[in-house]
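**Student:**
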Amino acid sequence: MSKKLTDDSYMRIFDAEECAIIEFALLDTYKRLKNYEDEWHQQQLKKMRRLLIQKFEILPDE
């Protein structure tokens, strides 16, 4: 389910199991992106790190 908050912001509601799956996928992808040194991958890595910290309250391994 999603709810439009503003023109560029939406809120989605997930149950606990769905959140666990999303968390796992983000962490796994984050770990794999650390191996890339190009700018695009590093930008995605920063976005994922911020998301993990702010929304999932997880500090990924450095």
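Just so we're aligned, residue 1 is where the sequence shown starts under UniProt numbering, counting upward by one.
For each residue, glycine too, the CB sits at the ideal point set by N, CA and C.
These numbers come from a predicted model, not from an experiment.
Within this structure, are the beta carbons of L45 and L59 separated by less than 8 Å?
**Tutor:** no
**Student:** Could you tell me which of K3, L52, D38 sits nearest to D28, measuring between CA atoms?
**Tutor:** L52
**Student:** My assumption, with CB atoms under 8 Å, is that L26 sits in contact with M11. Please give the rounded CB distance.
**Tutor:** 18 Å between Cβ atoms; not a contact.
**Student:** How close, in whole Å, do the beta carbons of F56 and E23 come, if the pair is a contact with beta carbons under 8 Å?
**Tutor:** 5 Å
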